[in-house]
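K.L.:
In the order they appear, the protein sequences are chains A and B.
So the first sequence is numbered by our numbering: it starts at 72 and just counts up by one.
So the second sequence is numbered by our numbering: it starts at 12 and just counts up by one.
Even for Gly, the Cβ is constructed at its ideal location relative to N, Cα and C.
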Amino acid sequence: KNEVEQSPQNLTAQEGEFITINCSYSVGISALHWLQQHPGGGIVSLFMLSSGKKKHGRLIATINIQEKHSSLHITASHPRDSAVYICAVVSYSGGGADGLTFGKGTHLIIQP
Amino acid sequence: ETGVTQTPRHLVMGMTNKKSLKCEQHLGHNAMYWYKQSAKKPLELMFVYNFKEQTENNSVPSRFSPECPNSSHLFLHLHTLQPEDSALYLCASSDIWTITGELFFGEGSRLTVL
C-alpha cells in the first residue's frame, strides 16, 4: 500500500508570499494529482502529473519520480488561495480511480 | 461547477432515522464513487460502481447502503447511524478507461449524526 505524506499539515502566510507544499510517497506511481478543497467542501483537480513540471496561472507543480516527491508552488499568494491542498497518487498496482491513495491534506491560510 | 451534483449539502439526523444522499453526474462517466472525509483524516474510499455494478465495498458497515440505478445516479442510504459517522460524504465520478485516475468531485454532503 502506498503511503502518502504531505507537509506541512498547516501553513499560514501573508498575501504575496511564495508558498510550497510537499508530497512524498513510498511506492512507484503512474500519476500524481494535486487537488484543492475549499471550505464549502467541494474538491477540484488542479494538476495531474506523471513527470516534470506543469504550470497554470500562479500555480506550479513539479514531480521527481526517482525521489518519489512532488511539490505544489503558489506564487504571489492571495487570500482566495486559502484552502486545503490534497495530494493523491495512482499506484501501479491500482490503475483507475479506485487505485488512488490520498494524503491528509495541507491546510493553507493566506492572510491579507 | 464540476458536473457532479450532490444533495442535500447538509443533513442532521438522529441515530434512529433513515435518510439518503444523492449524487448525479452528467459527464458521461462510467464509474461513480462514495468517499468519506473525517476531520484530520485522508479521504476514505467507501464504494465503487463501474457500469452500475458495485466493484468495491471497502469494509463499510451495513448501516451504509449504496444504490446505483443507472450510470448517472448514485445514492447512499443511511440508517441507524452512529455519531462517529458524522463526516463529509463526497461523491465522485470518472472514466474507468482513463488509467491516470482523474476524479471529478461533487460539493459533498455534510452529515451530522446526533
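(1) Which residues of the segment 112 to 143 of chain A have a Cβ closer than 9 Å to any Cβ of chain B? Give them in chain order.
(2) Say whether chain B places a C-beta atom closer than 8 Å to the C-beta of residue 81 of chain A.
(3) Can you name the residues of chain A whose CB is closer than 8 Å to the CB of residue 117 of chain B?
(4) Beta-carbon of residue 99 of chain A versus every beta-carbon of chain B: anything under 8 Å?
(5) For the beta strand (DSSP E) that contains residue 77 of chain A, what are its first and last residues?
(6) Name, in chain order, the residues that DSSP records as bridge partners for residue 123 of chain A.
(7) Near residue 88 of chain A, what residues of its chain come up, given a Cβ to Cβ distance below 6 Å and the 5 sequence neighbours on each side ignored?
(8) Whole-angstrom Cβ separation of residue 74 of chain B and residue 92 of chain B, contact assumed at under 8 Å?
(9) Classify residue 129 of chain A as helix, strand or coil using the three-state DSSP reduction.
(10) Going straight from the alpha carbon of residue 152 of chain A to that of residue 21 of chain B, what length do you get?
(11) If you reduce the DSSP assignment to three classes, tell me which class residue 151 of chain A lands in.
(12) Are any of the Cβ atoms in chain A nearer than 8 Å to that of residue 33 of chain B?
(13) Indicate whether at least one CB of chain B lies closer than 8 Å to the CB of residue 171 of chain A.
(14) Any residues in the segment 75 to 95 of chain B with a beta carbon nearer than 8 Å to a beta carbon of chain A? Which ones, in chain order?
P.N.:
On the basis of the coordinates in this document:
(1) Listed by position, the residues of the segment 112 to 143 of chain A near chain B (Cβ gap below 9 Å) are 112, 113, 114, 115, 116, 119, 121.
(2) By this cut-off, residue 81 of chain A is not an interface position.
(3) Here the neighbours are 113.
(4) It does not: the Cβ of residue 99 of chain A has no partner Cβ on chain B nearer than 8 Å.
(5) First-last of the beta strand (DSSP E) with residue 77 of chain A: 75 to 78.
(6) For residue 123 of chain A, which the question treats as bridged, DSSP gives the partners A/134.
(7) Only 148 meet the Cβ criterion.
(8) Confirmed, about 6 Å.
(9) It is coil, neither helix nor strand.
(10) The alpha-carbon atoms of residue 152 of chain A and residue 21 of chain B are separated by roughly 24 Å.
(11) Helix.
(12) Residue contact with chain A for residue 33 of chain B: absent (no Cβ-Cβ distance below 8 Å to any residue of chain A).
(13) Look at residue 171 of chain A: its C-beta is under 8 Å from a C-beta on chain B.
(14) Listed by position, the residues of the segment 75 to 95 of chain B near chain A (Cβ gap below 8 Å) amount to none.
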